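Reading through the structure tokens given below for one structure.
Protein chains: 2
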Amino acid sequence: MMQGAVCHGVPAALLPTGVGRGPYAYQTFRDLIDAYRFDRPAGFTVKLEGEATATVYYLVSGWLVLSKSTANGHRQIVDVVLPGGILDPVSADACTSIVEIEPLTDVSFAAVPREDWHRMLSENPSITREIDIINRAAIARMFERMLRLGKGSAESIIAFAIYELHLRSTVLGMTDGYRLRIPMTQQQLGDFCGLSAVHVCRTLRRLKRHGVLEVTDHMDIRIRDIDALTEIAGIDPDALRQEIIPAA
Amino acid sequence: MMQGAVCHGVPAALLPTGVGRGPYAYQTFRDLIDAYRFDRPAGFTVKLEGEATATVYYLVSGWLVLSKSTANGHRQIVDVVLPGGILDPVSADACTSIVEIEPLTDVSFAAVPREDWHRMLSENPSITREIDIINRAAIARMFERMLRLGKGSAESIIAFAIYELHLRSTVLGMTDGYRLRIPMTQQQLGDFCGLSAVHVCRTLRRLKRHGVLEVTDHMDIRIRDIDALTEIAGIDPDALRQEIIPAA
DNA sequence: CGATTAGTTGAGGAGACTCAAACATTGTGG
DNA sequence: CCACAATGTTTGAGTCTCCTCAACTAATCG
Numbered sequence: 077m078m079q080g081a082v083c084h085g086v087p088a089a090l091l092p093t094g095v096g097r098g099p100y101a102y103q104t105f106r107d108l109i110d111a112y113r114f115d116r117p118a119g120f121t122v123k124l125e126g127e128a129t130a131t132v133y134y135l136v137s138g139w140l141v142l143s144k145s146t147a148n149g150h151r152q153i154v155d156v157v158l159p160g161g162i163l164d165p166v167s168a169d170a171c172t173s174i175v176e177i178e179p180l181t182d183v184s185f186a187a188v189p190r191e192d193w194h195r196m197l198s199e200n201p202s203i204t205r206e207i208d209i210i211n212r213a214a215i216a217r218m219f220e221r222m223l224r225l226g227k228g229s230a231e232s233i234i235a236f237a238i239y240e241l242h243l244r245s246t247v248l249g250m251t252d253g254y255r256l257r258i259p260m261t262q263q264q265l266g267d268f269c270g271l272s273a274v275h276v277c278r279t280l281r282r283l284k285r286h287g288v289l290e291v292t293d294h295m296d297i298r299i300r301d302i303d304a305l306t307e308i309a310g311i312d313p314d315a316l317r318q319e320i321i322p323a324a
Numbered sequence: 077m078m079q080g081a082v083c084h085g086v087p088a089a090l091l092p093t094g095v096g097r098g099p100y101a102y103q104t105f106r107d108l109i110d111a112y113r114f115d116r117p118a119g120f121t122v123k124l125e126g127e128a129t130a131t132v133y134y135l136v137s138g139w140l141v142l143s144k145s146t147a148n149g150h151r152q153i154v155d156v157v158l159p160g161g162i163l164d165p166v167s168a169d170a171c172t173s174i175v176e177i178e179p180l181t182d183v184s185f186a187a188v189p190r191e192d193w194h195r196m197l198s199e200n201p202s203i204t205r206e207i208d209i210i211n212r213a214a215i216a217r218m219f220e221r222m223l224r225l226g227k228g229s230a231e232s233i234i235a236f237a238i239y240e241l242h243l244r245s246t247v248l249g250m251t252d253g254y255r256l257r258i259p260m261t262q263q264q265l266g267d268f269c270g271l272s273a274v275h276v277c278r279t280l281r282r283l284k285r286h287g288v289l290e291v292t293d294h295m296d297i298r299i300r301d302i303d304a305l306t307e308i309a310g311i312d313p314d315a316l317r318q319e320i321i322p323a324a
């Protein structure tokens, strides 16, 4: 049912809304995206380096995760990118890549040469502003996640992750009420929440047992008690929405 | 000795380097900063909200931390801001503040109205680029910290924090070789590393016992075995420097 | 010089980890 | 169409890290 929206097509909320409202700006941005658009199946992985970093990525559809890993094999997913997300994976020295990128689903994205990207921005101040807002939202949700990664129980970080992904998906029109398919394994959710896969499993089952969630068939989630979920996650729903949802 | 550099005056590396190299750009930026500059003692706190968020802060000297806290009293420091750092504490909706701000020392900063800030940027593309780089560096170091916050032992996150702060301070000319004064209590370091103050204490003592650090008198730190420190933190020193140090 | 704040140390407990084995689901080749 | 492999989830047992509580010491300051 809703897989379609996740993996294919441009969600209604994506290009039309939010990014450039004037007809000219809209055309420009969209043309640029279309010109450099690629489709890739779920399997591929990118370790960005060298000239690959001279590129700005704009996700049109599908889910990506950005992660870092340590020498001893641990991995932390630092952000989940949903359609409309921007990926500018270049560190301070403008040539070392910061993160590894992994698609969770089939993805469609635009790989725009940095030069073209910046030209487009300089010609379209309104888009610059929109993108600024998108970036702010990304930082805001990272802050929230750090809060729960550092302090906070397994329950609270998992509850937060699920609530965050549900909220963001809903804004993109990818949910069916309180139902949400998260295209991650428990291992990946663990890498996102700083937990072992085993503990993710136990925690999800506890949430299920307490009637907060329903989890079926590989992360097909239904939120049964949203108040309990936000309570466990330590979320003020209105404040969170204002912080992490790009609103112009 | 080096406290002077931490708390007062403009570190050599700050305004002159990095931010705007042409005489015109340099003048403009510096004038703006000077026009809106404030000094504040260590004690004050800001909870930014309302029109306060229509302001961009540029830290001239001193240390600040940005933190978030939960309803149940836990706090996570999401970043430490050193001289030259920019603080644009506005979330996606452009009016809710994301973070609380706390100075660790006496600070001198410029509180620039957003409008003026953006005008300055639009008139000085080179400064825009510099600031972009500063922001990237901030994100890169947050990614690194998230990796250790999620996975990683108390030793590794503390070792990382100390190494990071030493590296950044060194670039700003605020260290004396391997000596560094971190103006944080163990409680604050714990809030930064996602640990209790008690465990910070134990961990520091262990590092001391193993000859990695020397800790005297309220976080006056000397790194005795930098290789051991990077090993424990899981750091590749060259790569880290490239990622988190703004280099133009 | 007491009062406050920060750091140290011990004891005990809870939460999350690892290892390991069983089970479920999906996909594949014979 | 079945057997089997591969992948992911579930559950149990045991351990270790880190937390909390609490008492004590050290340093700082009016």
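Taken in order, these protein sequences are the chains called E and V.
Residue numbering for the first sequence follows my numbering, starting at 77 and increasing by one per position.
Residue numbering for the second sequence follows my numbering, starting at 77 and increasing by one per position.
Where a beta carbon is used, it is the ideal one built from N, C-alpha and C, also for glycine.
Owing to the predicted nature of the structure, the values given are computational and were not obtained by experimental measurement.
Straight-line Cα distance separating residue j from residue i
{"i": "residue 217 of chain V", "j": "residue 139 of chain E", "result": "24 Å"}
{"i": "residue 113 of chain V", "j": "residue 106 of chain V", "result": "10 Å"}
{"i": "residue 298 of chain V", "j": "residue 291 of chain V", "result": "6 Å"}
{"i": "residue 302 of chain E", "j": "residue 244 of chain E", "result": "15 Å"}
{"i": "residue 338 of chain E", "j": "residue 154 of chain E", "result": "Limits of chain E in this structure are 77 at one end and 324 at the other, which puts residue 338 of chain E out of reach."}
{"i": "residue 98 of chain V", "j": "residue 202 of chain V", "result": "Confidence at residue 98 of chain V is low in this model, with a pLDDT of 43, below 50, so its placement is unreliable and no value can be given for it."}
{"i": "residue 227 of chain V", "j": "residue 314 of chain E", "result": "30 Å"}
{"i": "residue 184 of chain E", "j": "residue 115 of chain E", "result": "4 Å"}
{"i": "residue 241 of chain E", "j": "residue 289 of chain E", "result": "14 Å"}
{"i": "residue 109 of chain V", "j": "residue 180 of chain V", "result": "21 Å"}
{"i": "residue 165 of chain V", "j": "residue 319 of chain E", "result": "11 Å"}
{"i": "residue 188 of chain V", "j": "residue 136 of chain V", "result": "12 Å"}
{"i": "residue 150 of chain E", "j": "residue 310 of chain V", "result": "11 Å"}
{"i": "residue 308 of chain E", "j": "residue 237 of chain E", "result": "11 Å"}
{"i": "residue 130 of chain V", "j": "residue 160 of chain E", "result": "26 Å"}
{"i": "residue 259 of chain V", "j": "residue 248 of chain V", "result": "16 Å"}
{"i": "residue 276 of chain V", "j": "residue 257 of chain E", "result": "39 Å"}
Cutoff 9 Å: residue i Cβ touching any chain E Cβ
{"i": "residue 146 of chain V", "result": "yes"}
{"i": "residue 267 of chain V", "result": "yes"}
{"i": "residue 308 of chain V", "result": "no"}
{"i": "residue 166 of chain V", "result": "yes"}
{"i": "residue 158 of chain V", "result": "no"}
{"i": "residue 278 of chain V", "result": "no"}
{"i": "residue 196 of chain V", "result": "no"}
{"i": "residue 249 of chain V", "result": "no"}
{"i": "residue 175 of chain V", "result": "yes"}
Residue i classed as buried or exposed, judged by whether at least 16 other C-beta atoms fall within 10 angstroms
{"i": "residue 294 of chain V", "result": "exposed"}
{"i": "residue 96 of chain E", "result": "Because residue 96 of chain E carries a pLDDT of 40, less than 50, the predicted location of this residue cannot be relied on, and no value is offered for it."}
{"i": "residue 286 of chain E", "result": "exposed"}
{"i": "residue 212 of chain E", "result": "buried"}
{"i": "residue 200 of chain V", "result": "buried"}
{"i": "residue 281 of chain E", "result": "exposed"}
{"i": "residue 229 of chain V", "result": "exposed"}
{"i": "residue 147 of chain V", "result": "exposed"}
{"i": "residue 117 of chain E", "result": "exposed"}
{"i": "residue 274 of chain E", "result": "exposed"}
{"i": "residue 186 of chain E", "result": "buried"}
Under the three-state DSSP convention, the category residue i falls into
{"i": "residue 227 of chain E", "result": "coil"}
{"i": "residue 239 of chain E", "result": "helix"}
{"i": "residue 189 of chain V", "result": "strand"}
{"i": "residue 179 of chain V", "result": "strand"}
{"i": "residue 251 of chain E", "result": "coil"}
{"i": "residue 131 of chain E", "result": "strand"}
{"i": "residue 107 of chain V", "result": "helix"}
{"i": "residue 162 of chain E", "result": "strand"}
{"i": "residue 300 of chain V", "result": "coil"}
{"i": "residue 156 of chain E", "result": "strand"}
{"i": "residue 24 of chain E", "result": "With chain E running from 77 to 324 in the structure shown, residue 24 of chain E is simply not present."}
{"i": "residue 184 of chain V", "result": "strand"}
{"i": "residue 314 of chain E", "result": "helix"}
{"i": "residue 289 of chain E", "result": "strand"}
{"i": "residue 265 of chain E", "result": "helix"}
Closer than 9 Å to chain V by CB, residue i
{"i": "residue 242 of chain E", "result": "no"}
{"i": "residue 275 of chain E", "result": "no"}
{"i": "residue 226 of chain E", "result": "yes"}
{"i": "residue 135 of chain E", "result": "no"}
{"i": "residue 161 of chain E", "result": "no"}
{"i": "residue 216 of chain E", "result": "yes"}
{"i": "residue 132 of chain E", "result": "no"}
{"i": "residue 220 of chain E", "result": "yes"}
Point to revise | Touching by the beta-carbon criterion (3+ pairs, under 8 Å), the region 216–231 of chain V and the region 185–205 of chain V | key: no
Practice item. For the region 174–192 of chain V and the region 136–150 of chain V, state whether three or more C-beta atom pairs, one from each stretch, are separated by less than 8 Å. Key: yes
Review point. Three or more beta-carbon pairs under 8 Å between the region 302–314 of chain V and the region 259–277 of chain V, yes or no?
Key: no
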